[in-house]
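Input: a single structure, listed below in structure tokens.
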Amino acid sequence: MFLRIDRLQVEMPLPKDPDPAAAAVVNELMGGRFGEMT
Numbered sequence: 592m593f594l595r596i597d598r599l600q601v602e603m604p605l606p607k608d609p610d611p612a613a614a615a616v617v618n619e620l621m622g623g624r625f626g627e628m629t
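Sequential numbering of the sequence shown, starting at 592, is according to this note's numbering.
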């Protein structure tokens with residue numbers, strides 16, 4: 592059985608300006624572009 596909690600294990604500071612590259616990295620850490628398929 593698996594329990595998935597959609598949050599990071601560490602707290603990340605909020606960015607001052609939006610950063611698309613950093614958002615893509617966080618998205619990949621949280622499950623990838625296609626969720627569980629990657």
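Glycine residues also receive a C-beta, built at the ideal position from the N, C-alpha and C atoms.
Since this is a predicted model, take the numbers as computed values, not measurements.
From the listed residues V617, R598, F593, the smallest Cα separation to P606 is found for V617.
In chain order, L599 place their CB closer than 8 Å to the CB of L620, counting only its own chain and leaving out the 5 sequence neighbours on each side.
The DSSP-derived three-state label of P609 is coil.
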